[in-house]
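The opening residue of the sequence shown carries number 1 in UniProt numbering; numbering runs sequentially from there. What follows is a short report on a single structure.
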Amino acid sequence: MKLAIVTACPNGMVTSVLCARLLDAAAQRQGWMTCVEVHDAAHPERQLSAATLDDAEWVLLVSTGTVDMSRFVGKRVFQSTPSQALQDVDAVLRRGAEEAQIYVAPQAVVEPAAVSKTAPRLVAVTACPTGVAHTFMAAEALQQAAKRLGYDLQVETQGSVGARNPLSAQAIADADVVLLAADIEVATERFAGKKIYRCGTGIALKQAEATLNKALAEGTQETASTGAKGLAKQEKTGVYKHLLTGVSFMLPMVVAGGLMIALSFVFGITAFKEPGTLAAALMQIGGDTAFKLMVPLLAGYIAYSIADRPGLAPGMIGGLLASTLGAGFIGGIIAGFIAGYAAQAINRYARLPQSLEALKPILIIPLLASLFTGLVMIYVVGKPVAGLLESLTHFLDSMGTTNAILLGVLLGGMMCVDLGGPINKAAYAFSVGLLASQSYAPMAATMAAGMVPPIGLGIATFIARRKFAQTEREAGKAALVLGLCFISEGAIPFAAKDPLRVIPASIAGGALAGALSMYFGCKLMAPHGGLFVMLIPNAINHALLYLLAIVAGSLLTAVVYALVKRPEVVELALEPASA
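Here is the structure:
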């Protein structure tokens, strides 16, 4: 039998590739000939040719979005979803072989249009601090849930490379509700007058159907009055969201600056001290410029998250003051919140004649908020926080072996508790902030620990193959790759399915990796990149010992999970294949 497999998940390639590999392997085990297409609208040349499709006896289409079906007219086609395929590939193949029907082009579009009028319409925006994993995983989960529920959903992802699938003005106008699944602040000006429902990416990922239904039931228009009414309720989560917004805008600056500093070390640890050399230029770009902008960016976008554009200038001014006063990232965080809430208060309570109201966001708010923030930073916050940061830096640089190991255990465990959640991001933000104070050891421990869960769980699928279903083994391969890139979220599929065993195993491995990294005295100049940072000479000292820490932590996670995982789950998953 000849089978054409087409997978299409518009908000990310991970699910598409995973489904394609699983289905291809399962079909070949049954002796079928296959040709596979992972749909990519940006690269139509990668699509299966018309001749290849003609040779196939039937087409298996696994998708979450709209796919051009005109290519399949006259062919036997069976459609499924990624969630169904990942759950039981053999069952999907059996059903497809039995139930595939000749696809006929629709005669008119009147009927679908009539149906879509009765179906709820939603638009969504997903965003997370790093814009790498949670953003796209939440989008895919929401799209799959909407398809199951029969809802019309369009999702815009605001990832690290900018917005993908941006929402059109018409789509927003037609939507019944706007769902903002975001861990950072998202601009809402274009949603004025629409019902809005907010949640985190973690909730959208794990409870997608419930999130869509709650959005339709509980979405409200966010006017000034409703914002004030719900302020007390949202304050607790709002503070954390404001902080993550600042961190998300700061990260590219820190990564670029850190890598520039690391590149300057290629020519020697002290080569940058020689004026006029390339090493000196790289250090000037990274250390003297990029890192100086790090704290102002952090403070500015914390204030922006709180007070919108009027808070940006006061926040950046306060952040630069924190940097020049020696208060570092802690002072920058404080400056951001002072500037943001000061700008928000001035905007809310300062009453001006209608003729002067237009001056508030341009002149009055930036002037008064900047003045207030600057004076507070100079006369109240600056010196005490500078002393605190100096004490912290001195402690980190001079602490003994025991304290270093304990800090490594703490940071490593925090990185693995919720795999990209609030605790993970808190440990990461702390370590990134210390880079501006030339404290590089915590960053090394944090990244080592963050790589452990996906790598360790991927290894577990190899050393205890009989305890894992075929789908889990394939997911383990993907997790390994994500782990090498320092994307902790690669472990989420395992944690969601078996949290009581995965989380403790991950914490154990992460704590060991963090402790060993601190014990070996490893220091990392760049805050991201995973193992690929090691390709840059001198980007990390004691590179082999650092690699040993990651391997040791990953092996501990792998062994612990392989021992505690219950094989009964796998036997049940394999029953359909043996029937």
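For each residue, glycine too, the CB sits at the ideal point set by N, CA and C.
Asked: Counting C-beta neighbours from all protein chains within 10 Å, is the total for Ala523 16 or more, i.e. buried, or is it exposed?; Found: In the sequence as displayed, the identity of residue 523 is Lys instead of Ala. Classification for Lys523: buried.
Asked: According to DSSP, simplified to helix, strand and coil, what is Tyr440?; Found: coil
Asked: Compute the Euclidean distance between the alpha carbons of Gly300 and Val247, then round it to the nearest angstrom.; Found: 10 Å
Asked: Alpha carbon to alpha carbon, how far is Phe430 from Met451?; Found: 17 Å
Asked: Measuring only the C-alpha atoms, how far is Ile540 from Cys416?; Found: 22 Å
Asked: To which residues of the same chain is Gly510 closer than 7 Å at the C-beta, ignoring the five residues directly before and after it?; Found: Gly412, Gly413, Met415, Cys416, Ala449, Val452, Pro453, Gly553
Asked: Near Ser370, which residues of its chain fall below 7 Å by C-beta distance, leaving aside the five closest residues on each side in sequence?; Found: Ala313, Pro314, Ile317
Asked: Quick check: the stretch 253 to 264 against the stretch 286 to 293, are there 3 or more CB pairs under 8 Å?; Found: yes
Asked: What do you reckon, are the CB atoms on Gln79 and Leu61 nearer than 8 Å?; Found: yes
Asked: What span of residues does the alpha helix (DSSP H) with Tyr561 cover, start to end?; Found: 543 to 564
Asked: If we count Cβ pairs, one from each stretch, closer than 8 Å, do we get three or more for the stretch 301 to 310 versus the stretch 340 to 350?; Found: yes
Asked: Might you give, ordered along the chain, the residues of its own chain that have their beta carbon closer than 8 Å to the beta carbon of Ser578, omitting 5 neighbours on each side?; Found: In this prediction, Ser578 scores a pLDDT of 40, lower than 50, which makes its location untrustworthy; the coordinate-derived value is nonetheless stated afterwards. Answer for Ser578: no residue qualifies.
Asked: Nearest-angstrom Cα distance between Leu320 and Ala339?; Found: 12 Å
Asked: Is any heavy atom of the ligand GTP found at a distance shorter than 7 Å from the C-beta of Met377?; Found: Within the structure as shown, the ligand GTP is missing, as the structure has no ligands at all.
Asked: How about the stretch 464 to 477 and the stretch 376 to 385: do they share at least three Cβ pairs that are nearer than 8 Å?; Found: no
Asked: Which of helix, strand or coil does DSSP assign to Cys416?; Found: helix
Asked: Secondary structure at Ala8, three-state DSSP: helix, strand or coil?; Found: strand
Asked: Look at Gly150 and Ala171 and say whether their C-beta atoms are less than 8 Å apart.; Found: no
Asked: Enumerate, from N- to C-terminal direction, the unbroken alpha helix (DSSP H) stretches of 4 or more residues contained entirely within the UniProt domain "PTS EIIB type-2" (122 to 217).; Found: 134 to 149, 169 to 174, 201 to 206
Asked: Could you check how far apart the C-beta atoms of Thr81 and Thr135 are, in whole angstroms? I think they sit under 8 Å.; Found: Between Thr135 and Thr81 the Cβ distance is about 20 Å, and since that is not below 8 Å, they are no contact.
Asked: When burial is assigned at 16 or more other CB atoms within 10 Å of the CB, is Lys2 buried or exposed?; Found: exposed
Asked: Looking at the structure shown, is Phe486 part of a helix, part of a strand, or coil, going by DSSP?; Found: coil
Asked: For Leu535, which of Leu484, Glu489, Ala491 has the nearest alpha-carbon?; Found: Leu484
Asked: Output yes or no for whether 8 Å exceeds the beta carbon distance between Ala208 and Ala145.; Found: yes
Asked: From the DSSP output, in three-state form, read off Leu47 for me.; Found: Here residue 47 is Gln; the residue named in the question, Leu, does not match the sequence. Of the three classes helix, strand and coil, the one that applies to Gln47 here is coil, per DSSP.
Asked: Which one of Lys360, Leu297, Gln84 has the shortest CA to CA distance from Ala20?; Found: Gln84
Asked: Measure the Cβ-Cβ separation of Met443 and Pro537 and say whether it is below 8 Å.; Found: no
Asked: According to the neighbour-count rule (16 or more other Cβ atoms, all chains shown, within 10 Å of its Cβ), is Pro166 buried or exposed?; Found: exposed
Asked: Quick one: give me the first and last residue of the beta strand (DSSP E) that Val502 is part of.; Found: Premise fails: Val502 lies in the alpha helix (DSSP H), 499 to 520, not in any beta strand (DSSP E).
Asked: Indicate the three-state DSSP secondary structure (helix, strand or coil) for Val38 in the structure shown.; Found: strand
Asked: Which term fits Phe395, buried or exposed, when burial requires 16 or more other beta carbons within 10 angstroms of its beta carbon?; Found: exposed
Asked: Report yes if the CB atom of Leu457 is closer than 8 Å to the CB atom of Val502, and no otherwise.; Found: yes
Asked: Kindly indicate which three-state DSSP category Ile334 falls into: helix, strand or coil?; Found: helix
Asked: Where do the ends of the beta strand (DSSP E) carrying Phe532 lie?; Found: It is not in any beta strand (DSSP E) - Phe532 carries neither H nor E in the DSSP assignment.
Asked: To the nearest angstrom, report how far apart Phe249 and Gly374 are at their CA atoms.; Found: 22 Å
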